[in-house]
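Student: My structure is below; once you've seen it, I'll send some questions.
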Amino acid sequence: MSEIELRNVCKEYKKGYPIIHEMSLTLKEGGFSVLLGPSGCGKSTLLRIIAGLDRETGGDVLIGGKSMKNVLPQDREIAMVFQNYALYPSMTARENMEFGLKNMKIPKNEREIRISRISKMLGLEGHMKSKPHQLSGGQCQRVALARAIVKEPKAFLMDEPLSNLDAKLRAQIRRELIELHNKLGTTFVYVTHDQVEAMSMGSEVIVLEGGKARQQASPDEVYANPADLFVAKFIGAPPMNIVDVSALSKFGVAPKAEFIGFRPEKAMIMDFSATCPDGCVFLAGSVAARENLGDHSLISINTKAGMIIAKRFGERAFSEEKAMVAVKREDLKWFDEEGKSIRT
Amino acid sequence: MSKDKAINFIAFARCIKIGFIAICAALMAFPFAWMVLSSLKTKAELMSGGWLPSDPQWLNYLEAIRSPLLRNIGNSLAISAASTAYQLVSGAMLAYALAYMSFKGKGLIFALIMGSCMAPSAATYIPSYIILSKMKLLDSYTGLVVSSLVSVFGIFLLRQAFMQVPPSLIEAARLDSASHWRTLWKVVYPVAKPSFAAFVLINAIASYNSYMWPSLVTNSPDLYMVSQGLRHFFIEGGAYGTNWPLVMAGSAIVVLPLLAVFALLQKWFVSGLSGSAGLKG
Ligand SMILES: Nc1ncnc2c1ncn2[C@@H]1O[C@H](COP(=O)(O)OP(=O)(O)O)[C@@H](O)[C@H]1O
Ligand SMILES: [Mg+2]
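Those protein sequences? They're chains Z and F, same order as listed. Each residue of the first sequence is one higher than the one before, counting from 1022 in this note's numbering. Each residue of the second sequence is one higher than the one before, counting from 6 in this note's numbering.
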């Protein structure tokens, strides 16, 4: 039992300035839950509240159905992986892993078994006698993971663990983390501001902004059906195109809709003179920029509704100066005046 | 052309820098050299001036060693070691609490500790003396150690060093179920080692050099510390009969333990004072 539940959790460092607003969330047992949001939105604070390193000012945290109100961090049976790894500098990789086990009074032979199994799992056998300053960033990250795993916790809490690594290593460890999660089957709570990490690893994504949870859903769902304009603009590279409803009013719009959004890959680019296919809305404009990104290209089109970015895959280059953007009606997302999604 | 000039200038600046440091070093070393040279002269030779002893009087050292000076050095070393050890443990614990724990009144406690630095030490002599006498610890080793169990400067030094340690290390240790005591000695201490070395050096020297307070609370010559022992040389021969070469020989012997400690710790000492917590080590 290691479901993590937040009930109306609030946090304020200064009276009247809440960092986390009455947040209620359930993070599934055995899930890979990613807390995604821009810098400063309270992700780390939330994770630290779950760990017990910070106290919530209101509400309650439950782990495995048990209130954590009076449970110390070390007794919550969770392990945390820090952004800067937080390895003990004076200890070898092995001692780093063993420190917690010794403190937990785990017998020596059991410690040996766990450490050798996990170090093999993470490919650390050759580095067990090295101190952190002798290890590369990726190796430090693995030691930090190993240190967490040997404790066999109910849940892993990770705070931007990949942000100090270079892009290539990040992609590699991302894959390793997915594999690790499949192997261990333990609850993962993962904090990041990087949507690629969230989309690629999460079994569910919780998008946070300004101390509030904007949407909790699978990565596919968050991408396809963002709950509001913030999520729509935060996820996707480039993000969803948003236009004012007036620009497309002649095609008939959903009631109460104020904004319309569509993903760049749903925007079809056609010659200015082409006849639009049925069931599409379209906007005319002039091409402002072309970016070739290898397998696809991005074309920015200046329309009277603003700049629209369209993504084209592996087609011949679009060389016209004027263009027509067409979007299938079913690919349009509608948002009301508060930016909330309208399901049609 | 201008590149050559720049190089010349850098070389010139370097010469000036090295020259300046050399002069400073010579100024610092001069009294020591003078002390050692004087200790090898006869009394008459010392008074008449001149640099080198014509016939080195090694017997001065033998005489100095035969006096109670060695016993005084032993006293000083033992008392410095004991009080520095206590100061280290109490200082580390206090600094740990001040740096990593949050509790009500922390700011006030820190202010009080720092404020006690402001009181001139002479003002504390009388109350401390009365306390020691009430504890029946006057004129005893214990009394000398008890009166310096805590070093305010040490607390401050260690607190500053502890603040440099990334908080996530302490939190990681906490999540690893480590007690505060284990966190302090297994996680914080290795990182803040240079500051601990500076701590030991500064407090050991201060304690070894102390004169006023030990002479207030001790009476029996058996308990004399080095500075009291040295003073004995001065007064032995009366106001005009001070045997200066002997005083110099004694002083040279007295300085040796300090030089040894400093040689041992100086690598740590410098980085400890310059504030780098030595995270690389
Ligand atoms: N100890 C603290 N005292 C005061 N404000 C804090 C403290 N820690 C974080 N904050 C504030 O809380 C907000 C959220 O911080 P954080 O949870 O670290 O954001 P994130 O991890 O999403 O970037 C920030 O505005 C930050 O300034
Ligand atoms: Mg953060």
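Glycine included, C-beta positions come from ideal geometry on N, C-alpha and C.
1) Use the C-beta contact count for residue 280(F): other C-beta atoms within 10 angstroms, 16 or more gives buried, fewer gives exposed.
2) Just to make sure I have the definition right: I need the residues of chain F whose C-beta is within less than 8 Å of the C-beta of residue 1101(Z). Which are they?
3) For residue 199(F), which residues in chain Z fall below 9 Å Cβ to Cβ?
4) Out of 1047(Z), 1142(Z) and 1180(Z), state which residue places its alpha-carbon closest to the alpha-carbon of residue 1100(Z).
5) Quick one: does residue 1121(Z) have its CB under 7 Å from some CB of chain F?
6) Using the beta-carbon of each residue, find all residues closer than 6 Å to any heavy atom of ligand 1 and list them in chain order.
7) Compile a chain-ordered list of the residues in the stretch 99 to 111 of chain F whose CB is closer than 7 Å to at least one CB of chain C.
8) Measuring alpha carbon to alpha carbon, tell me which of 200(F), 150(F) and 59(F) ends up nearest residue 82(F).
9) Grab me the residues of residue 100(F)'s own chain with a C-beta within less than 7 Å of its C-beta, minus the 5 sequence neighbours each way, in chain order.
10) Should residue 1121(Z) and residue 181(F) be called a contact, given that it needs their Cβ atoms to be closer than 7 Å?
11) Identify every run of the alpha helix (DSSP H) within the stretch 149 to 206 of chain F, keeping only runs that are complete inside it and at least 4 residues long; order them along the chain.
12) Just the Cα atoms here: how many angstroms apart are residue 1354(Z) and residue 1283(Z)?
13) Can you find the residues in the same chain that come closer than 7 Å, C-beta to C-beta, to residue 4(F), ignoring five residues on each side of it along the sequence?
14) Specify, as a first and last residue, the run of the alpha helix (DSSP H) that residue 1241(Z) falls within.
15) For the beta strand (DSSP E) holding residue 986(Z), just list the boundary residues, first then last.
16) Counting pairs of beta carbons, one from the stretch 74 to 91 of chain F and one from the stretch 197 to 216 of chain F, are three or more of them closer than 8 Å?
17) Compute the Euclidean distance between the alpha carbons of residue 1267(Z) and residue 1335(Z), then round it to the nearest angstrom.
18) Once the 5 residues before and after residue 1041(Z) are set aside, which same chain residues still bring their CB inside 7 Å of it?
19) Within a Cβ cutoff of 8 Å, which residues of the same chain sit near residue 1107(Z), ignoring the five residues on either side of it in sequence?
20) Specify the secondary structure class of residue 1213(Z) as computed by DSSP and reduced to three states.
21) In three-state DSSP terms, what is residue 1344(Z)?
22) Take the Cβ of residue 1052(Z) as the centre, count every other Cβ of all protein chains shown within 10 Å, and call the residue buried at 16 or more, exposed below.
23) Contact criterion: CB-CB distance below 7 Å. Does residue 275(F) meet it with respect to chain Z?
24) Between the C-alpha atoms of residue 284(F) and residue 169(F), what's the straight-line distance to the nearest angstrom?
25) State buried or exposed for residue 282(F), treating a residue as buried only when at least 16 other CB atoms are found within 10 Å of its CB.
26) Could you check the C-alpha separation between residue 1025(Z) and residue 1076(Z) for me, to the nearest Å?
27) So which residues of chain F does residue 1091(Z) contact, with C-beta pairs closer than 8 Å?
28) State yes or no: is the C-beta of residue 1320(Z) within less than 7 Å of the C-beta of residue 1331(Z)?
29) Counting C-beta neighbours from all protein chains within 10 Å, is the total for residue 18(F) 16 or more, i.e. buried, or is it exposed?
30) Just confirm the distance between the C-beta atoms of residue 1135(Z) and residue 1171(Z), as a whole number of angstroms; I'd bet it's less than 8 Å.
31) So that I know if they touch, is there some Cβ in chain F lying closer than 7 Å to that of residue 1094(Z)?
32) Just the C-alpha distance for residue 1184(Z) and residue 1104(Z), rounded to the nearest angstrom, thanks.
33) Under the rule that 16 or more other beta-carbon atoms within 10 Å means buried, what is residue 1262(Z), buried or exposed?
34) Using DSSP with H/G/I as helix, E/B as strand and the rest coil, what is residue 1160(Z)?
35) Nearest by alpha-carbon distance to residue 1346(Z): which of 1293(Z), 1364(Z), 1314(Z) and 1318(Z) is it?
Tutor: The relevant details are as follows:
1) In this prediction, residue 280(F) scores a pLDDT of 48, lower than 50, which makes its location untrustworthy; no coordinate-derived value is stated.
2) 176, 177 and 180
3) Simply none; closest approach about 13 Å.
4) 1180(Z)
5) yes
6) Going down the chain, each residue whose beta-carbon is closer than 6 Å to a heavy atom of ligand 1 shows up: 1034(Z), 1040(Z), 1058(Z), 1060(Z), 1061(Z), 1062(Z), 1063(Z), 1064(Z), 1065(Z) and 1066(Z).
7) This model lacks chain C altogether, as its protein chains are Z and F.
8) 150(F)
9) Closer than 7 Å at the Cβ level, and outside the excluded window around residue 100(F), lie 160, 163, 164 and 167.
10) yes
11) 157 to 168 and 172 to 180
12) 6 Å
13) Chain F is shown only over 6 to 286; residue 4(F) falls outside these bounds and no answer can be derived.
14) 1240 to 1245
15) There is simply no residue 986(Z) to check, as chain Z begins at 1022 and stops at 1365 in what is shown.
16) yes
17) 33 Å
18) The answer, listed in chain order, is 1030, 1031, 1032, 1063, 1066, 1067 and 1232.
19) 1165
20) strand
21) strand
22) Residue 1052(Z) comes out buried.
23) Output row for residue 275(F): interface = no.
24) With a pLDDT of 44 at residue 284(F), under the threshold of 50, the predicted position of this residue should be treated as unreliable, and no value is reported.
25) Any reading at residue 282(F) is ruled out, since the residue's pLDDT is 42, under 50, leaving its predicted position unreliable.
26) 16 Å
27) Residues of chain F whose Cβ lies closer than 8 Å to the Cβ of residue 1091(Z) do not exist, since the nearest Cβ in that chain is about 16 Å away.
28) Yes, they are a contact pair.
29) exposed
30) 5 Å
31) yes
32) Whole-angstrom Cα-Cα distance: 7 Å.
33) buried
34) helix
35) Among 1293(Z), 1364(Z), 1314(Z) and 1318(Z), the Cα nearest to that of residue 1346(Z) is on 1293(Z).
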